[in-house]
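When we follow full-length UniProt numbering, the leftmost residue of the sequence shown carries the number 1, and every step to the right adds one. Glycine included, each C-beta is placed from N, C-alpha and C at the ideal position. Fair warning: this is a prediction, and the values are worked out from it, not measured in the lab.
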Amino acid sequence: MKIHDKLANVRDVEDFISFIYALAEDFEQNPSQWANTDLTDFLNGIASWVEDRYELIEKSKEEFSKNVNWNSIATILFVGSRYE
Numbered sequence: 001m002k003i004h005d006k007l008a009n010v011r012d013v014e015d016f017i018s019f020i021y022a023l024a025e026d027f028e029q030n031p032s033q034w035a036n037t038d039l040t041d042f043l044n045g046i047a048s049w050v051e052d053r054y055e056l057i058e059k060s061k062e063e064f065s066k067n068v069n070w071n072s073i074a075t076i077l078f079v080g081s082r083y084e
């Protein structure tokens, strides 16, 4: 299954975990398709996309923000830097 298909099928925590593993595998197998190939660029890419998405959405900014658990996302990113 292609990485875009995996992304489209994330519906629960098991799908999310499977997607993360698939994303790591995609990086190993298709590095030329990645624009951000080091951690700093990857994290900056995430931040830039969220900023752009936030600015360009058709819905109100409040609607966008309330549908996302920002603390959970921040926690996932942080623990990835520490958890073995």
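Let me check you understand the geometry: is the CB of residue i closer than 8 Å to at least one non-hydrogen atom of the ligand SAM?
i, result
"F19", "Looking at this structure, you won't find the ligand SAM or any other ligand, since it has none at all."
Just the C-alpha distance for residue i and residue j, rounded to the nearest angstrom, thanks.
i, j, result
"residue 98", "Q29", "Past the boundaries of the shown model lies residue 98; the chain is included only from 1 to 84, so the question cannot be answered."
"N71", "E51", "16 Å"
"R82", "L43", "15 Å"
How about residue i and residue j: are their beta carbons less than 9 Å apart?
i, j, result
"A35", "D41", "yes"
Would you please state the rounded distance, in angstroms, between the beta carbons of residue i and residue j? I believe it to be under 8 Å.
i, j, result
"I46", "L23", "That belief does not hold up - the Cβ atoms of I46 and L23 are roughly 12 Å apart, past 8 Å."
Helix or strand or just coil, what does DSSP make of residue i?
i, result
"Y83", "coil"
"R11", "coil"
"W49", "helix"
"N44", "helix"
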